[in-house]
Amino acid sequence: MPRTARDVVFVDGVRTPFGKAGKGLYAETRADDLIVRVIRELLRRNPGLPPERVDEVAIAATTQIGDQGLTIGRSAALLAGLPRSVPGYAIDRMCAGAMTAVTTSGAGISFGAYDVVIAGGVEHMGRHPMGEGVDPNPRFLSEKLVDVSALVMGNTAENLHDRFPGITKERADAYAVRSQEKVAKAYADGKIQRDLVEMLVRSAEQGYGLATADEPPRPGTTMEGLASLKTPFRSHGNVTPGNAAGLNDGATGAILAAEDVAAELGLSGRMRLVDFSFAGVEPEVMGVGPVPATERLLERNGLGIDDIGLIEINEAFAVQVLAFLEHFGIADDDSRVNPWGGAIALGHPLASSGVRLMTQLSRLFGERTDVRYGLTTMCVGLGMGGTVLWENTNWDGKDTK
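Quick note: the sequence shown uses my numbering, first residue 40, plus one each step.
As structure tokens, this is what we get:
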């Protein structure tokens with residue numbers, strides 16, 4: 040039978056507050072409990088969606104062992120109380136895990152295999168540090184398939200500074216300060232809290248508590264303060280804990296649906312999935328990954344960067360964001376880029392971050408009816424980048440961006 044691709048909409052997105060890895064908010068909280076809480080909140084906020092209408096649960100985790108293993112999409116669906124008829128699976132594309140969960144399951148909706156999906160990601164870097172249990176094939180180094188620095192993300196960021204000498208430490212620090220300031224303002228204006236789901240936490244010393252806000256932000260960060268930080272990846276280097284995302288714990292999730300099914304169920308689509316692209320680059324400069332991914336996407340859709348009214352880019356490292364902006368001729372402080380701040384302040388629990396970008400973009404779309412198109416984009420370990428193009432369903436038709 041002939042098939043016609045269906046439009047896919049982002050219905051809703053939520054996340055736990057992000058915590059600091061180690062002795063932070065979730066030190067004694069299981070990773071699977073974080074994503075279960077997210078799934079339950081999505082269903083609570085969208086009562087028009089019968090649980091049995093969920094066709095798939097796609098959940099990403101970078102370190103798929105322990106409480107992030109056991110096919111986390113399926114196990115989380117069961118733990119969240121979804122009907123046993125609802126299947127699920129796990130995804131790993133390092134930092135772009137949740138992004139890939141959305142694009143993969145969203146493509147399934149467009150094709151007609153699904154009507155409604157839940158997609159997201161979880162990372163508990165305190166319980167499962169990046170690289171735990173990994174056994175890289177010795178051929179990577181013995182046959183020089185990758186540079187030795189490619190296996191340490193901080194080293195790849197230093198390499199990016201080498202490639203773009205105009206991106207100085209001072210410029211990276213200035214970007215980091217702005218990220219902290221934007222997050223502080225967004226919190227003061229009540230922008231970020233709307234997408235947070237309270238999370239019960241436990242401490243053997245302090246008992247039970249409730250996580251209601253992100254733990255990583257550092258309001259009041261200054262250039263003077265950042266200038267004094269050590270550069271752990273290279274002596275007299277440029278990358279510091281102040282101009283990079285930290286090690287974090289957290290979970291994100293979203294509901295996606297065919298646009299006609301969303302209307303049938305009384306669900307409002309905040310934004311429409313237009314297209315997506317992933318690209319590979321040299322692993323030792325993985326931070327440039329968003330550049331070719333975005334170039335391919337824009338070219339395929341007949342758009343230029345000036346047609347994009349909002350850009351949510353993951354701030355793994357300030358230098359990586361600045362390299363993207365420099366390539367496309369965008370000013371460091373362009374108002375289109377991360378208006379409410381980013382991962383340098385909020386945190387980056389690896390596989391979960393892609394849906395945080397999307398949820399934040401969808402909120403911005405709701406306030407910016409003059410903007411038609413937006414991007415969510417991020418660099419990915421081992422030399423990749425991913426970009427998703429979204430259309431604002433609230434666009435008033437008066438602007439081409």
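Where a beta carbon is used, it is the ideal one built from N, C-alpha and C, also for glycine. Model, not experiment: these values are computed from the prediction.
Between residue i and chain C, is the shortest Cβ-Cβ distance under 9 Å, so that the two count as touching?
{"i": "arginine 339", "result": "As a matter of chain content, chain C is missing from the structure shown, which is built from one protein chain."}
How about residue i and residue j: are their beta carbons less than 9 Å apart?
{"i": "methionine 169", "j": "leucine 306", "result": "no"}
{"i": "tyrosine 128", "j": "threonine 142", "result": "no"}
{"i": "isoleucine 352", "j": "valine 358", "result": "no"}
{"i": "alanine 252", "j": "proline 56", "result": "yes"}
{"i": "leucine 414", "j": "threonine 333", "result": "yes"}
{"i": "asparagine 176", "j": "phenylalanine 272", "result": "no"}
{"i": "glycine 308", "j": "phenylalanine 49", "result": "yes"}
{"i": "glycine 264", "j": "glycine 281", "result": "yes"}
{"i": "methionine 138", "j": "leucine 421", "result": "no"}
{"i": "aspartate 346", "j": "arginine 407", "result": "no"}
{"i": "valine 327", "j": "phenylalanine 363", "result": "yes"}
{"i": "glycine 105", "j": "alanine 152", "result": "no"}
{"i": "alanine 44", "j": "glycine 393", "result": "no"}
{"i": "alanine 284", "j": "glutamate 354", "result": "yes"}
Nearest by alpha-carbon distance to residue i: which of the options is it?
{"i": "glycine 386", "options": "Asp51, Thr415 and Lys59", "result": "Lys59"}
{"i": "arginine 54", "options": "Arg45, Val75 and Lys62", "result": "Val75"}
{"i": "threonine 261", "options": "Arg217, Leu190 and Ile383", "result": "Arg217"}
{"i": "glutamate 162", "options": "Gly105, Thr101, Val191 and Arg132", "result": "Thr101"}
{"i": "asparagine 287", "options": "Ala152, Gly343 and Met164", "result": "Met164"}
{"i": "threonine 68", "options": "Leu400, Glu171, Gln103 and His167", "result": "His167"}
{"i": "threonine 432", "options": "Ala382, Arg311, Asp373 and Phe356", "result": "Arg311"}
{"i": "threonine 207", "options": "Pro256, Ala266 and Gln245", "result": "Ala266"}
{"i": "leucine 249", "options": "Ala146, Ser242, Glu237 and Pro258", "result": "Glu237"}
{"i": "glutamine 103", "options": "Val187, Glu171, Asp435 and Thr270", "result": "Glu171"}
{"i": "aspartate 409", "options": "Glu430, Ser149, Gly52 and Gly436", "result": "Gly436"}
{"i": "leucine 235", "options": "Met417, Ala355, Arg257 and Arg402", "result": "Arg402"}
Report the three-state DSSP secondary structure of residue i (helix, strand or coil).
{"i": "glycine 341", "result": "coil"}
{"i": "tyrosine 214", "result": "helix"}
{"i": "asparagine 433", "result": "coil"}
{"i": "valine 236", "result": "coil"}
{"i": "serine 316", "result": "strand"}
{"i": "threonine 416", "result": "strand"}
{"i": "leucine 88", "result": "coil"}
{"i": "glycine 422", "result": "coil"}
{"i": "leucine 295", "result": "strand"}
{"i": "arginine 132", "result": "strand"}
{"i": "isoleucine 148", "result": "helix"}
Kindly examine the ligand FMN and report whether one of its heavy atoms sits closer than 8 Å to the Cβ of residue i.
{"i": "arginine 83", "result": "Among the ligands in the structure shown, none appear at all, so the ligand FMN cannot be discussed."}
In the DSSP assignment, find the alpha helix (DSSP H) that holds residue i and state where it starts and stops.
{"i": "valine 398", "result": "For the record, residue 398 in the displayed sequence is threonine; it is not valine. Threonine 398 -> alpha helix (DSSP H) spans 392-406."}
{"i": "histidine 366", "result": "357-366"}
Between which two residues does the beta strand (DSSP E) containing residue i stretch?
{"i": "alanine 60", "result": "Neither: alanine 60 is in no beta strand (DSSP E) and is coded neither H nor E."}
{"i": "leucine 349", "result": "349-352"}
{"i": "arginine 54", "result": "47-54"}
{"i": "leucine 249", "result": "246-250"}
Touch test, the segment 268-287 against the segment 79-97, Cβ-Cβ under 8 Å, three pairs minimum = No, the segment 268-287 is not in contact with the segment 79-97.
ask   = Are at least three pairs of beta-carbons, each pair with one atom in the segment 84-104 and one in the segment 148-162, less than 8 Å apart?
value = Because the criterion of three Cβ pairs below 8 Å is met, the segment 84-104 and the segment 148-162 touch.
inquiry  = So, does the segment 313-326 touch the segment 416-431, judging by three or more C-beta pairs under 8 Å?
reply    = Pairwise C-beta distances place the segment 313-326 in contact with the segment 416-431, as three or more of them are shorter than 8 Å.
key: Three or more C-beta pairs below 8 Å linking the segment 212-229 and the segment 182-199   = Touching, no, given that fewer than three Cβ pairs across the two stretches are closer than 8 Å.
query = Are the segment 367-384 and the segment 224-236 touching, with three or more C-beta to C-beta distances below 8 Å?
reply = Taking one beta carbon from each stretch, the segment 367-384 and the segment 224-236 have 3 or more pairs nearer than 8 Å; the two touch.
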